[in-house]
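Protein chains in written order, with our numbering: chain X, 1 to 332; chain H, 333 to 664.
Beta carbons: idealized from backbone N, C-alpha and C, even for Gly.
Quick caveat: nothing in here was measured; it's all calculated off a predicted structure.
One structure is given below, encoded as structure tokens.
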């Protein structure tokens, strides 16, 4: 296994140690749990935002802690949901009197543990709502959207509700706008190279030397189609058309485009693929409002990328444009 | 070759097309040459900053165009220096009346072409100076520093002179401070996986299944030692001690630390390695002033990372702290 790690069982702990030293100006760690919170949390008069999930997706989740983004992250082991107690402590640490919004991807472990933590906190009188991200169109047909996984679209949710919270919105409003942002967001990815699990040294999925898989999940979950490698334009068209058809995005719509690298795919390739996305959107008379290209939600060194589109409205535009100051996501 | 590209000979052109669409708010392309410039260039009363080099190092070089960083990039082919004419056009495009500073890595092609462009521009009456980056301690012994290659330390140079230019400094001052920043900057890297050249489909260097090489260059140039894979702590110690000894960095010094991922090495690993860097610096009573961790100067999907230290003084601190608004490097 060609990874720069020490003992596999210490990967998350040592990463967190480095992360907290490097970013001590922006965040701190709770003494009792693997929870990182914004340095100034709880922010009085602001709804607190808690997210989290398994480790191995950096810059997600902890790279999004900061002003205009999330207040706390409950950190799980590699690709494993954080335990209930951790999420519960995160909620308590960021409640500034206006309640807490939970943002999570639609994975059974996360849904269960965040749900139980929500109930515990509510029983203590803290108002808590949650928004579950299910933007991956590959993971289930449209008529069973509740079964869809969350992927890079969660970044859009954090940005939108993070900006809203800074404006002083209440919890109900945040749930409403966050839910709309998630509904308006659709993603589809492709991967040609697995990541290697630190614990086992084994790949997250098996794939042939000239193969790629459309819709592979962030943890190596099966996709919808395995194919021979294609040109950048061909694979981008295949993915982007499916994303467009899913909402569907229509002529006259304005969208935020997020091209997310899964790990080892270079920015060079992402820009080549984005060029094709832009052509396809122009052909459909869909206007690009904002563009984000880079590694926003990875699977360690997995090779591949995803295309995320979010349909904008005036409110979402304002929130996407707002400044933010996350560890790995800064916007003026 | 598992890359998302179209025809290999179009890689740079198509990447640039995507890049200009995505970042039209911040930059534009010259009509005649493969040169990208800040949208508002030339900025009157500000020294212009031109950099450039081969493609394949994204976010370097074009990701550093923006306020507080560089004004223009002359874009070469994959791992190939930009031609003289391109650098010359870049100089002319960003001269706002106070002259132009060239920032380049110490590679023979770049040094030759930037040098000739400098002479051409000077012959037309444009004051031009240059600072050549040679931070890679692996590439030559200390008594032949002029032979050393430039690696991730160039990011520090762009940040420092970019901030200085915004303050209104003159060309002589920029050369002086830029030269000092480069002298104060030392880097050393390790790689275990080559990148694949789009043109040939061949790896940039050959290496065994359990091997890593200390000091491999950004283009696969030979390093100083090939070894079996080690733990994160062991390899980080080996690299960091060599960097510390080179300047040498001493007890009481303050440093900026840059941990640069070469492509496929995950942020998770980089934070684990940074944790060890921080321990070593503490053991040496060297204080960390600022920390940057991520992919700042890659070799496409090469696997590995480098450690860069820059010795700070009051002036360099002020310049490192200044805000900047590059495409892929934003600081509040």
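Subject >> Given residue 117 of chain X as reference, the closest of X/137, X/85, X/147 and X/282 once Cα atoms are compared >> reply: Answer by Cα proximity: X/85.
Original post:
Does the beta carbon of residue 603 of chain H sit closer than 7 Å to a beta carbon anywhere in chain X?
Top reply: Interface residue, yes.
**OP:** Give the secondary structure of residue 302 of chain X by DSSP, where H, G and I count as helix, E and B as strand, and everything else as coil.
**Re:** In the three-state reduction of the DSSP assignment, residue 302 of chain X falls in the strand class.
Subject >> Backbone CA spacing between residue 535 of chain H and residue 630 of chain H [nearest angstrom] >> reply: Computed Cα separation, rounded: 15 Å.
**OP:** Give the DSSP-derived three-state secondary structure of residue 359 of chain H in the structure shown.
**Re:** Three-state result, residue 359 of chain H: strand.
Original post:
What residues from chain X crowd round residue 338 of chain H, counting only those whose CB sits closer than 8 Å?
Top reply: Within chain X, the residues near residue 338 of chain H are 231, 232, 233 and 272.
**OP:** Please report how far the alpha carbon of residue 306 of chain X lies from the alpha carbon of residue 60 of chain X, in whole angstroms.
**Re:** Computed Cα separation, rounded: 15 Å.
Subject >> Where residue 147 of chain X falls, given that 16 or more other Cβ within 10 Å makes a residue buried >> reply: The residue is exposed, with fewer than 16 neighbouring Cβ atoms inside 10 Å.
**OP:** Starting from residue 185 of chain X, find everything on chain H with Cβ-Cβ shorter than 8 Å and list it in chain order.
**Re:** Those do not exist, as residue 185 of chain X stays about 19 Å from chain H at its closest Cβ, beyond 8 Å.
Subject >> Contact under 7 Å by Cβ, residue 465 of chain H with residue 486 of chain H >> reply: With contacts defined as CB atoms closer than 7 Å, residue 465 of chain H and residue 486 of chain H qualify as a contacting pair.
Original post:
Looking at the structure shown, is residue 207 of chain X part of a helix, part of a strand, or coil, going by DSSP?
Top reply: Note: residue 207 of chain X maps to coil in three-state DSSP.
Original post:
With C-beta atoms as the reference, is residue 380 of chain H less than 7 Å away from residue 429 of chain H?
Top reply: Going by C-beta atoms, residue 380 of chain H is not nearer than 7 Å to residue 429 of chain H.
Original post:
Can a CB atom of chain H be found closer than 7 Å to the CB of residue 61 of chain X?
Top reply: By this cut-off, residue 61 of chain X is not an interface position.
Original post:
Going by the CB atoms, is the gap between residue 459 of chain H and residue 431 of chain H shorter than 7 Å?
Top reply: For residue 431 of chain H and residue 459 of chain H, yes; Cβs fall inside 7 Å.
Subject >> Status (buried if at least 16 other CB within 10 Å, exposed otherwise) for residue 23 of chain X >> reply: Classification of residue 23 of chain X: buried, given that the 10 Å Cβ count is 16 or more.
Original post:
Between the region 294 to 308 of chain X and chain H, which residues of the former have CB atoms less than 8 Å from a CB of the latter, in chain order?
Top reply: Of all residues in the region 294 to 308 of chain X, 294, 295, 298, 300, 301, 303 and 305 have a Cβ within less than 8 Å of some Cβ in chain H.
Original post:
Which one of X/255, X/219 and X/273 has the shortest CA to CA distance from residue 320 of chain X?
Top reply: If we check each option's Cα against that of residue 320 of chain X, X/255 comes out closest.
**OP:** Starting from residue 651 of chain H, trace the alpha helix (DSSP H) both ways and give me its first and last residue.
**Re:** Counting along the chain, the alpha helix (DSSP H) containing residue 651 of chain H begins and ends at 646 to 653.
Original post:
Whose C-alpha, out of X/129, X/21, X/191 and X/262, is nearest the C-alpha of residue 621 of chain H?
Top reply: Checking every option, the nearest Cα to that of residue 621 of chain H belongs to X/21.
**OP:** Check the Cβ of residue 226 of chain X against every Cβ in chain H and list those closer than 9 Å, keeping chain order.
**Re:** Around residue 226 of chain X, no beta-carbon contact reaches into chain H at under 9 Å, the shortest distance being about 14 Å.
**OP:** Give the interface partners of residue 346 of chain H over in chain X, defined as CB-CB distance under 7 Å, in chain order.
**Re:** Going along chain X in sequence order, the residues near residue 346 of chain H (Cβ under 7 Å) are 272 and 275.
Original post:
Taking the alpha-carbon positions, what's the residue 500 of chain H to residue 197 of chain X distance?
Top reply: Straight-line measurement puts the Cα of residue 197 of chain X at about 51 Å from the Cα of residue 500 of chain H.
Original post:
Counting Cβ pairs closer than 8 Å, one from the region 542 to 555 of chain H and one from the region 506 to 521 of chain H, do we hit at least three?
Top reply: Yes, since at least three Cβ pairs between the region 542 to 555 of chain H and the region 506 to 521 of chain H fall closer than 8 Å, the two stretches touch.
Subject >> Beta bridge counterpart(s) of residue 663 of chain H as assigned by DSSP >> reply: In DSSP, residue 663 of chain H forms a bridge with H/656.
**OP:** Could you pull out every unbroken alpha helix (DSSP H) segment of at least 4 residues lying fully inside the region 485 to 516 of chain H, listed in chain order?
**Re:** As summarised for the region 485 to 516 of chain H, the continuous alpha helix (DSSP H) elements at least 4 residues long and confined to that stretch are 486 to 498 and 503 to 515, given in chain order.
Subject >> CB contact below 7 Å: residue 208 of chain X versus chain H >> reply: By this cut-off, residue 208 of chain X is not an interface position.
**OP:** Give the C-beta separation of residue 262 of chain X and residue 302 of chain X to the nearest angstrom, bearing in mind that I take them to be a contact with Cβ-Cβ under 8 Å.
**Re:** Right, the Cβ-Cβ distance comes to about 4 Å (below 8 Å), so this counts as a contact.
**OP:** With DSSP as the reference, please indicate the residues paired to residue 88 of chain X in a beta bridge.
**Re:** In DSSP, residue 88 of chain X forms no bridge with anything.
Original post:
Within 10 angstroms of its Cβ, does residue 264 of chain X collect 16 or more other Cβ (buried), or is it exposed?
Top reply: Only buried fits residue 264 of chain X, as 16 or more other CB atoms lie within 10 angstroms of its CB.
Original post:
Do we get a CB-CB distance below 7 Å when we pair residue 22 of chain X with the residues of chain H?
Top reply: Yes, contact with chain H.
Original post:
Which residues in chain X sit within 9 Å of residue 657 of chain H, going by Cβ to Cβ distance?
Top reply: Within 9 Å Cβ-Cβ: 332.
**OP:** Return the residues of the region 523 to 535 of chain H that lie within a Cβ-Cβ distance of less than 7 Å from chain X, sorted by chain order.
**Re:** Residues are counted here when their Cβ sits less than 7 Å from a Cβ of chain X; for the region 523 to 535 of chain H these are 524 and 525, given in chain order.
Original post:
Can you find a CB in chain H that lies within less than 7 Å of the CB of residue 19 of chain X?
Top reply: Interface with chain H (7 Å Cβ-Cβ cutoff): residue 19 of chain X is included.
**OP:** List the residues of chain X whose Cβ lies closer than 8 Å to the Cβ of residue 613 of chain H, in chain order.
**Re:** Residue 613 of chain H does not reach chain X, its nearest Cβ partner there being about 10 Å away, counting only Cβ pairs nearer than 8 Å.
Original post:
When the Cα of residue 451 of chain H is compared with those of H/567, H/619, H/434 and H/402, which residue comes out closest?
Top reply: Nearest Cα to residue 451 of chain H within the set H/567, H/619, H/434 and H/402: H/434.
Subject >> Own chain partners of residue 280 of chain X with C-beta closer than 8 Å, once the 5 adjacent residues on each side are dropped >> reply: These residues qualify, in order along the chain: 236, 237, 240, 241 and 244.
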